[in-house]
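Data first, discussion second: the structure below is written as C-alpha cells.
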Amino acid sequence: MNNCPVGESLCYTNIMKTYIVGNWKMNFSVGESSVYLHKLLQKVRAARDLKIVVAPSTIALQPLSLQTDRKKIRLAAQTANPHDFGAYTGEVSFTQLRGIVDYCIIGHSERRHIFHETDKDVRNAVAAALRNGITPILCIGETETERTFGETYDVLRDQLLGGLSQVSTEDIAKVMIAYEPVWAISTTSDARLASPDDISAVTQFIRHTLEDTYSKKVASEIPILYGGSVRPSNAGAYLTIPDINGLLIGGASLIGEQFLDIIETARRVQS
Ligand code: PGA
C-alpha cells in the first residue's frame, strides 16, 4: 500500500449496523435465484443491527421482491440507468426499480472497466438512485497499475468525490460506500488479498475526505463496506477493522454455506 496521505489516525464511526451484501453478478437463472433466496430466508434470522442484502441479476429482481421477507433479506440492483424513462433500449431505470429494491450497487469496477462507465455516469446514477428513494452503494477502488504507480489515493478521491458531486448535503447521509480494490477482487491467491492494514488506511482516508468535503458528522455516519475476495476464512478479520461497517461479497455469496458462515461471523463480531 502506498503511504496514506492522512496523518493522524481517527476512529470516527459509531455505526452500530453491519451490512452483509451478496453480489450475485450474472449468475443463477430466475428459478435458481428463487430457490437460493428461499433457502437463505429459512436460515437467516431478522436482526435490526445486521442488514443482509442480495443483488441478483435484473430479471430476477421483481419476482424475488415478492418472495423476500424484507425484515430478513433486502434486495439490491447491480446497476441501473440514470434516466428515469425514455428511448434507452435494453436499459432499466431506477424509477422502474422503485419499490422493488432498497439498494443499488453503483460504479462497481466491472461496470467501470468492462462497460466503460465514467465518473459522470456514476455520479448521475448516484443522483438517480437518491431521487428514486434507493440507497446507492458507491463502489470505489484502484487497479493494480494505479496502485503500483502510487496513484491509489488520487484515484479513490476522484471516484469518491466524482460519484458524490451531485449529492446534496441533505442526501449525503443516505449513501453507502464500498471500497473494492480491483486487484483483490476474485483472487484465488492469498498473497493478493488486501490486508486489514491496507483497508484500514483507506477507510481512514475516505472518512477524512468526507469530513473535509462535508462534515465530521457525515464522515462518521456513512457506512463503508469492504469487498474483494471476502471468504469465511477472512471475513472475521475484515469485519473487525475499525471503521468498516460491512462486506460486499461476490464469489462466496453464491455458495449458501459460505454466505451463511460469513453472516454468522458478522453476528459473532457484533455481539
Ligand atoms: P469477490 O467479488 O468477492 O468475488 O472478489 C466482490 C465484488 O466484485 O463485488
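At position 224 of the sequence shown the residue is numbered 223 (numbering that gives the first Met the number 0), and the sequence of numbers has no breaks. Think of the CB as a built atom: it goes at the ideal place given N, C-alpha and C, for glycine as much as any other residue.
Less than 8 Å separating the beta-carbons of residue i and residue j?
i    : j    : result
V121 : G85  : no
I104 : Q77  : yes
V20  : A79  : no
A45  : K16  : no
N244 : Y18  : yes
D153 : R206 : no
E141 : P180 : yes
L247 : Y237 : no
I261 : A251 : yes
A200 : E210 : no
Q165 : A126 : yes
D48  : Q269 : yes
A183 : A190 : no
T134 : K173 : yes
M175 : L224 : yes
P55  : L63  : yes
Just the C-alpha distance for residue i and residue j, rounded to the nearest angstrom, thanks.
i    : j    : result
G249 : S228 : 7 Å
S185 : M25  : 14 Å
L163 : I58  : 28 Å
N123 : Y87  : 15 Å
E169 : S188 : 42 Å
R111 : I136 : 14 Å
I240 : I221 : 15 Å
R266 : K50  : 10 Å
G226 : A234 : 10 Å
E143 : E109 : 14 Å
Y35  : H115 : 31 Å
L155 : T67  : 34 Å
V52  : A177 : 14 Å
S92  : T202 : 30 Å
P231 : I254 : 11 Å
T212 : G30  : 45 Å
S167 : K215 : 16 Å
F204 : G98  : 34 Å
V100 : D196 : 33 Å
Q273 : E150 : Nothing about residue 273 can be reported from this structure: the residues present for the chain run from 0 to 270 only.
G106 : A128 : 12 Å
R146 : F27  : 33 Å
E90  : S33  : 23 Å
W23  : F148 : 31 Å
T94  : R130 : 9 Å
H37  : C138 : 28 Å
R69  : T117 : 32 Å
Kindly identify the DSSP beta-bridge partner or partners of residue i.
i    : result
P241 : Note: P241 sits in no beta bridge, so no partner.
I171 : The partner list for I171 (beta bridge, DSSP) is empty, contrary to what the question assumes.
K50  : Y18
G85  : In DSSP, G85 forms no bridge with anything.
A177 : C138 and L224
L129 : Note: L129 sits in no beta bridge, so no partner.
L246 : I19 and Y225
S92  : N80
Could you pull the start and end residues of the alpha helix (DSSP H) that residue i belongs to?
i    : result
T57  : T57 to Q66
Y152 : T151 to L163
G30  : V29 to K42
E143 : E143 to T147
V268 : G255 to Q269
T208 : P195 to T212
E109 : S108 to H112
The beta strand (DSSP E) spanning residue i covers which residue range?
i    : result
R69  : Element bounds for R69: n/a, residue is neither H nor E.
T134 : T134 to I139
L224 : I223 to G226
I105 : Y102 to I105
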